[in-house]
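Plus 538 on top of the position in the sequence shown (first one is 1) and you've got our numbering.
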Amino acid sequence: MTWSEELASSENRHIQQMLRNTGKMPRHVAIIMDGNGRWAQERGRLRIDGHKEGMESVRAAVKTSSQLGIKYLTLYAFSIENWKRPVPEVRFLMSLLESYLRKEVDELHDNGVRIKTIGKTNALPKAVQRVLQEAINRTSMNEGLTLTLALSYGSRWDILRAMQVLAMDIRRGTLSPEDLTEEMVSSYLQTSFMPDPDLIIRTSGEVRLSNFLLWEAAYSELYITEGLWPDFRSAELYRALTDYVMRERRFGKISAQVRSDSSATTTSTLERILNALK
Ligand code: IPE
Ligand code: IPE
Ligand code: MG
539 MTWSEELASS
549 ENRHIQQMLR
559 NTGKMPRHVA
569 IIMDGNGRWA
579 QERGRLRIDG
589 HKEGMESVRA
599 AVKTSSQLGI
609 KYLTLYAFSI
619 ENWKRPVPEV
629 RFLMSLLESY
639 LRKEVDELHD
649 NGVRIKTIGK
659 TNALPKAVQR
669 VLQEAINRTS
679 MNEGLTLTLA
689 LSYGSRWDIL
699 RAMQVLAMDI
709 RRGTLSPEDL
719 TEEMVSSYLQ
729 TSFMPDPDLI
739 IRTSGEVRLS
749 NFLLWEAAYS
759 ELYITEGLWP
769 DFRSAELYRA
779 LTDYVMRERR
789 FGKISAQVRS
799 DSSATTTSTL
809 ERILNALK
C-alpha cells in the first residue's frame, strides 16, 4: 500500500486536509533533529539507542511530509562538527545511515521520493557513499517529496566552498564582481536545487542553528520544541505546521500589506486542528 492509500483510511486524513485547506503550507521544511542522546540517557540507555529510536521519527517525518504534499524536506542528520564525537558513536551513526538507505529506498522510491544530499559527503565511509549514490541515482526522476539528507554538512563549509569556486570564476573572467547578485550566490551553494526553507524545526529545546543553512535561513520561520527527536512523531509535526500556518510572514513589510482575507477562517480551522491533536 502506498502512503497516500494508507492515508485514505487513517484518522490523520482529516487533520492533513484541514492543514492543506489553509493554503499556507510550507514548500520547504528543514529539521535539526536533536536530543537522541538525552532521550536515551533519560531511560538509562546507551546514546546509540536514542539514535535508533530517532530513525522511527525520520520515517514518520518523511511519510507525513510526503502525504501532506510538502515538496522539500531537509533533515540535518550529521554535522561536519559531529565528526568530533567519540569514534564508536560516529561508527554507529554511519552504519545506521547505511541500513536506513538499504532498507527504505524501495519504499521511498515507490512513493515518489527523490533523495538528495548536501554536505562534505566524500568524508563518509565508502560503503555509505555507495548506497547513497545508488539511492540518489535510482530516485532522481521522482517528482514527489525531495528528501535532502544533510550529511557531514556545515553551512560555513558550504559557503566557503562556494566562495572559492566563485572567486575562481572571477579570476577566469566568466564572472565580474559588479554583476554578482544574491541569486547568483545561492546558485553556488550546494542547496541551489531547493527553495530557501520556509520553516526550520529544532527539537530538544536548543535555541541555535548549529551551522545549518545560515545563508538560506535569512527569512525562515523557526520552531523550537522542548520535545526530543525520538518523540517527534506525526502529531508533533502537525503541531509545528499548525504553529507555522498561523504566523504572519511580513518580509520587512507591515501587517496591512500582507494580511490575507482568509485569516479569520484560518484561525477557527486551526483551533479545530489543535483540538483534534489533543
Ligand atoms: C541528534 O541527537 C543526532 C545527531 C546530532 C547525530 P544528539 O546525539 O545530538 O542528542 P543530544 O543532543 O546529545 O541529546
Ligand atoms: C546538530 O546537533 C546537528 C544535527 C542535528 C545533526 P548537535 O547536537 O550536534 O548540535 P550542538 O553541537 O549541540 O549545537
Ligand atoms: Mg545534540
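Just so it is clear, CB atoms sit at the ideal spot from N, CA and C, and this is done for glycine as well.
Asked                                                                                                                                                                    : Found
Are the segment 672-681 and the segment 627-647 in contact at 8 Å, needing three or more beta carbon pairs?                                                              : yes
Taking C-alpha atoms, which residue in 544, 806, 758 and 628 lies nearest to residue 788?                                                                                : 758
Please list the terminal residues of the continuous beta strand (DSSP E) segment that includes residue 757.                                                              : From DSSP, residue 757 is part of no beta strand (DSSP E); its letter is neither H nor E.
Could you tell me which whole beta strand (DSSP E) segments of length 3 or greater appear in the segment 590-662?                                                        : 610-617 and 652-656
CB-CB under 8 Å to residue 565, same chain, minus the five flanking residues each way: which ones, in chain order?                                                       : 608, 609, 610, 733 and 736
Mark residue 599 as exposed unless 16 or more other C-beta atoms lie within 10 angstroms of its C-beta, in which case mark it buried.                                    : buried
Here's the rule: buried if 16 or more other CB atoms are within 10 angstroms of the residue's CB, otherwise exposed. What is residue 731?                                : exposed
Should residue 685 go down as buried or exposed, given a rule of 16 or more other Cβ atoms within 10 Å for buried?                                                       : buried
Which one or two residues does DSSP pair with residue 691 in a beta bridge?                                                                                              : 617
Quick check on residue 820: does DSSP put it in helix, strand or coil?                                                                                                   : Nothing in the structure corresponds to residue 820, since the chain is present only between 539 and 816.
Just curious, the alpha helix (DSSP H) that residue 674 is in, first and last residue?                                                                                   : 664-677
Leaving out five residues on either side along the sequence, give the residues of the same chain with a beta carbon under 8 Å from the beta carbon of residue 703.       : 726
For residue 575, is the beta carbon positioned less than 7 Å from some heavy atom of ligand 3?                                                                           : yes
Taking the alpha-carbon positions, what's the residue 545 to residue 680 distance?                                                                                       : 20 Å
Compute the minimum distance between the beta carbon of residue 572 and the heavy atoms of ligand 1, and state whether it is under 7 Å.                                  : yes
Between which two residues does the beta strand (DSSP E) harbouring residue 569 extend?                                                                                  : 566-570
For residue 669, which residues from the same chain have a beta carbon less than 7 Å from its beta carbon, with the 5 sequence-adjacent residues on both sides left out? : 636, 639 and 640
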